[in-house]
Amino acid sequence: MTQFWKSGNPFVWLTGAALAASVLMIVGLVLLILFKGLSQFWPSTLAELHLQDGSKVMGEIWDREEIPDAEPGADNASQYRLRLKVANRDLYSLDFRWIDESDIQQRLSPPPAIAIERQEWGNFYGYFVGLKKDGETVAADLVDGWPTIEASLDEMRKLRERIKEIEKSDIGDINHDLERLRLGLRKITLASDTTTAETRQLIADKRAQMADLQAEYLDKEKALADFYGSSRKIVLSMVSVDGHTIDIPVYDIVRIWKPNELSVFGKCGIYLDKLWEFVTGEPRESNTEGGIFPAIFGTVMLVIIMSIAVVPLGVLAAVYLREYARQGVWVRAIRIAVNNLAGVPSIVYGVFGLGFFIYGLGGTLDQLFFSEALPTPTFGTGGIFWASLTLALLTVPVVIVATEEGLAAVPREIREGSLALSATKFETLWRVVLPSAMPGILTGLILAVARAAGEVAPLMITGVVKLAPALPLDGTFPFLHLERKFMHLGFHIYDVGFQSPNVEAAIPMVYSTTLLLLVIVVFLNLFAIYVRNRLREKLAYSAF
Amino acid sequence: MPVAEPETRQPETRKLIPQSDSRARRKRRTLLDNLATKVVGVGGFSIIASILAILLFIFTEIFPLFSNAEVSLSTSFKAQDILAGQGDAADVALLGLNEHQEIGYILSRTGRLSFFAVKDGAEVAHELFSLGEARVTSAIQSLKGKRLTLGTSDGRAILVEIDFGVRFKQGKRSYAPRAKQVADITLDENRSALTSLAAAGDVSETLALSAITDDARVLLYLQQTEESLFGDAETTSSQIELEKIWSGTPASIALDATVRNFYMGSDDGKIYHWTLTPDAAPDFVSAVRVRNSPGAINTLNFLIGGRTLVAGESTGAVSAWFLVRDKTSPAGWRLTRIHEMTPHPSGVTAVAASARGKGFISGDANGGLHLEHTTSERHLASFSRKTGSAIELISYAPKANGALILDSAGEIAHWLVDNPHPEAGLKAFFGKVWYEGYEEPEHVWQSTGGTDEFEPKLSLVPLIFGSLKGTFYTLILSIPIAVLAALYTSQFMHPALRSKIKPTVEIMAALPSVVLGFLGGLWLAPRIEAVVPAVLLMSILIPVIVILAARAWDGVPLRIRNRFRPGIESMLLVPILLLAAWFCLYLNGAIENAFFGGSFKDWVYQTLNVGYDQRNALVVGMAMGFAVIPIIYTISEDALSNVPRTLISGSLALGATPWQTAIRVVLPTAAAGIFTAVMIGLGRAVGETMIVLMATGNTPIMDWNIFNGFRTLSANIAVEIPEAPVGGTLYRVLFLAAMLLFMITFAVNTVAEVVRQRLREKYQRL
């Protein structure tokens, strides 16, 4: 035994256990997110449970767990309960229900059960009663009625697109023009003497244009009202398992499926459809359903603008430090300082961004160029531009450090060769040194992007919002709207997971968003490693 | 990349040969080179300078917190000019200002209220109150200056409401001020003059008035108006003359806003306290001697909120008092001196409370004025006209940005006060402060309340404590795992495995903190809550099981053991760890029953006397471990594996076992590197925002208990800064919090960096 302790093997095993624990942690975390993030789109079967008290419930079984002890010592160790997603939020007000297994008399999975995903109120689970058009039943049988349902679904999908087009682009454009005219008017009244004939004419012109636009707006609104009227015409009559009849306008249906009749193939189809909607769709029901496209778009835009800002700044600073500044104690101190800035908490940069960019620069910009919109701030409030600049500041140390490493790695012979051929210092830098240092710069950029994509705290105070009305890039002049607020994947996780009114129903969405963010960040990091290794090899050849 | 393309390089090279280079071109190239040098120099330097200027900017935002108030004289005029020859300084009973400091009023002892423009002293309007033969002998006003109470020489109290009649016309303000008498109450049946007044409440509900008469009696008047079901108002009132239980003569009186407490200051330096109940006689509670050798209590004033009482003495001392819960006193409360303010060189003659925060202006017999704040105990300004005339009346502007002050020479001065952050200060941020309603001085963070009367509690100590607590538990959990794992990876692990494991753990460092926070708060926290005993058990049982596994492995025949490469133990341990963890979870219920009386949470509550928070330091430690472990692991692994091979070979050649070599040679050599790793991990943990925001309850409490939540500096900034008004005190305090974070992490990282560079040099020497 003493031999055993003396050999030190138990301690080696302990250290090994520490490593195994770290690996288990990371693998477990990734598996958890993968499983939770991907499983929520799967259309599971609908179970109909007949309870001891004679009532019936229907839903997807999400979970099974031992009933926590009601009182200590009570013997109910082998008692389990089910977590059922009963949906039908408009009827039950809660999406989930716990049911003790001991209460269940019979468990069925009836083939005619239908699941409907709706625009509002979440899913509906129940049975088909009939399809009504203008109040008259057109189909009372599910098998016969199915093609009709699908046809009307198609029709309504087109109608929805038409309505969306009118609302978003037509009316949106009118509103945009109106706002521009209103601001123009205000600018005239603020800037010039309103008594001269010229300005009066100008004002009258603008007023006339506004009146025209308003008339146009009313027309569109009327058309919209007609469309909305026809959207209520086709109605699906459904009954829930406990006997509530409910009419769902087909217009409100996102998708409809018969989970208990679907083949695996059909389920895959629905799975992919849902996954696609998640990645490309707009959020619904205060972000707890639908897609997260605006958040993906916001994240990407943010990172792109940040990259445009961070690369020139970081490279210029690194070139100065490594190539132009006189090396000495000062430069060494600055180098340590810059290095350490990478370790300063991101929230500190956020505070700086809020104080300096938004209230300082933004407030000044507003007073100089957007005074007609005041007191509504244009740049004097959080927006994608300021958030990007804040992130650029946060990540510039990373780029500086990486670029410096890249510059330091360029062999002296190459520089001296270039200088010996009478190239100037700048020519050597531009044509020889910088290209060789490219891997360093790129690595820095990618690491910066990976860090920026996952950073949330500074964004929370510099312009991220839970629901942005418009994307920062769209078809209205000037196309790129740097002052707009934006959505972000990381903030989406925080907001939906912690600020949403219906957290329980929202959590599956959060897992999927988490998975997406994780994939992006890990991919970017791996890509940085790959690019670095690849370019290193390539340069190893070209250098000699 | 031009380097890689030979066909473009060819002509370039030829052009670069000096002989074929024209003079003009050479000149251009030199010019370009010089220009580039300048651009890079200036640009690079300014970029670095501006990055470092972040600290400077944050500092400029914080600076105003610690600067004093600025008080400047705007105008002054003679009282008798406004009174239009109807009297002099002695004839002024009251002064007042409106919200915008454009209209002031002055009440003469004859009952004439005249409104005047502050800029030139010209009368705008006036009102006459019919007093008959009587004169106004005392007058007070509400904090906002709109409700006046006049005491007359024939024992009446007259209530007056003022309307400044502000109108906006084309962006300009104009005024049509009016005053209306709302009540005329006979306080003293004996018709003596009322020399001092106090009022609380409202005519439409409960109204309390109190007065000192010129024959040194103290009167109380309570009036209750109740609206009956039919909308008729029914008024009941009671009048009491307090029994003379005091020594000396009454000098000042005050009624609190709740109409429950009445105080009287006597000229021998005592404050007498009565409690008031409707339909009953006032109940005398206690008399407190303000200090060992007190002067007369010349003034007694409530600050906004009606809790803090400011007493000004004839010796010039000024102190703030409020009731503190005290079980030993019969009333359950004790009037306690909370703050001692900067004393005046001569007797205090007048005090005016601010309508914005717990500040006041006090004036003395030599004409000196002090601007003070009780919570922060800051003396914000001293100012005076330097004429030496005693201060008679002070009227603090409703927005606390100016004051009208009358001295005994009849001069009315209008002062402008710029006092943006009176509640700030080093003591308020870092010291224990005795807040209103607290039993003792404490560190509290509670920055915003619902009303104007709220006393902001801006102690950063609970937040710093929270940051340290989160960091402490994170490091406690992370350091052993990370350092041991690094030691194993660098010394014992098979190299083929190492090249795969290291990047895997490093990827963990790239996990966005919002992901960790989300999983910590919503996945981990509820699960941990159910199995705390198992988690505690794991920390003991898993090492034991691992050692048992090592023992068992020793027993395995060599034939089988040799099939496995050395340095594979950790992979063999994966199933063992999983099994051990499962075993601990399995035992959870049994342990809970055996040791914790069936419910761990109840046990925590009963034994440690604190509730179990679902989102607590344990959860944060674990979630933040994901962020910190890879950092510590990577840096220590680098330091450990860079220990020169010669040292290790030497040690092994002398017969030391690998473990002895690792622990006696490698670890001490790389100790500095591990220190660096821990420092950088600490820096990350201190400033981490999202994880603590999501995985703790964010309650700013100070308790080291691992089962409680906390609030860190960083999470506090994230939570509060979106709501903080720009340039306000809270906004700047949050900047101060940011600067603290900046300085902590910057210092920690600098230490780490310097140590690392030393280590590098050491390795080069070895």
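In order, the protein sequences belong to chains U and S.
For our numbering, add 11 to where a residue sits in the first sequence, where the first one is 1.
For our numbering, add 41 to where a residue sits in the second sequence, where the first one is 1.
C-beta atoms are modelled at their ideal positions from N, C-alpha and C, and glycine is treated no differently.
The model shown is predicted, which means the values in this text are computed figures rather than measured ones.
Just to confirm my understanding: we take residue i, look at its own chain, exclude 5 residues before and 5 after, and list those with CB closer than 7 angstroms. What are they?
i: R462(U); result: T406 and V409
i: L521(U); result: One detail in the question is off: residue 521(U) reads as Val in this sequence, not Leu. Hits under 7 angstroms: I504, V507 and G508.
i: V300(S); result: A241, G242, T247, A249 and L317
i: E102(S); result: R773 and F776
i: A98(U); result: G70, D106, G133, N134, F135 and Y136
i: G353(S); result: N339, T340, V359, V389, V392 and S403
i: R539(S); result: T530
Check the DSSP bridge columns for residue i and list the partner residues they point to.
i: Y136(U); result: A126(U)
i: A274(S); result: E268(S)
i: H411(S); result: S403(S) and S423(S)
i: V329(S); result: I312(S)
i: I264(U); result: R129(U)
i: G242(S); result: L248(S)
i: S360(S); result: A352(S) and E381(S)
i: F303(S); result: L296(S) and W315(S)
i: R92(U); result: E76(U) and D111(U)
i: H167(S); result: S155(S)
i: R208(S); result: S215(S)
i: M69(U); result: E59(U)
What three-state label does DSSP hand residue i in the structure shown?
i: N339(S); result: strand
i: S215(S); result: strand
i: Q51(U); result: coil
i: P386(S); result: coil
i: F605(S); result: coil
i: R375(S); result: strand
i: P52(S); result: Only weak support exists for where P52(S) lies, its pLDDT of 49 falling under 50; the coordinates are left without a value.
i: P616(S); result: helix
i: F118(S); result: strand
i: R150(S); result: coil
i: F107(U); result: strand
i: G84(U); result: Reliability of the predicted coordinates at G84(U) is poor, the pLDDT of 49 falling under 50, and no value is obtained from them.
i: A328(U); result: helix
i: H503(U); result: helix
i: Q487(S); result: strand
i: S237(S); result: strand
i: F497(U); result: strand
Would the beta-carbon of residue i be found less than 7 angstroms away from any heavy atom of the ligand MN?
i: A718(S); result: By its list of ligands, the structure shown contains no ligand whatsoever, and the ligand MN lies outside what it can speak to.
Around the Cβ of residue i, are there at least 16 other Cβ atoms within 10 angstroms (buried) or fewer (exposed)?
i: A245(S); result: Here residue 245(S) turns out to be Ser, not Ala, going by the sequence shown. Flag for S245(S) reads exposed.
i: P335(S); result: buried
i: S120(U); result: exposed
i: H255(U); result: exposed
i: H455(S); result: buried
i: V563(U); result: Because chain U spans 12 through 555 in this model, residue 563(U) falls outside it and cannot be assessed.
i: V314(U); result: buried
i: G84(U); result: A caution first: G84(U) carries a pLDDT of 49, below 50, which makes its placement in the model unreliable, though a value can still be read off. So G84(U) ends up on the exposed side.
i: D38(S); result: With chain S covering only 42 through 807, there is no way to say anything about residue 38(S).
i: I581(S); result: exposed
i: Y152(S); result: Sequence inspection shows Gly at residue 152(S); the Tyr mentioned does not correspond to that position. Its Cβ being crowded by 16 or more others within 10 Å, G152(S) is buried.
i: A468(U); result: buried
If residue i and residue j are in contact, beta carbons under 8 angstroms, what's the gap, nearest whole angstrom?
i: L136(S); j: S436(S); result: 4 angstroms
i: F100(S); j: M780(S); result: 7 angstroms
i: H462(S); j: T770(S); result: 5 angstroms
i: I185(U); j: A234(U); result: Contact doesn't hold; Cβ gap of about 12 angstroms is too wide.
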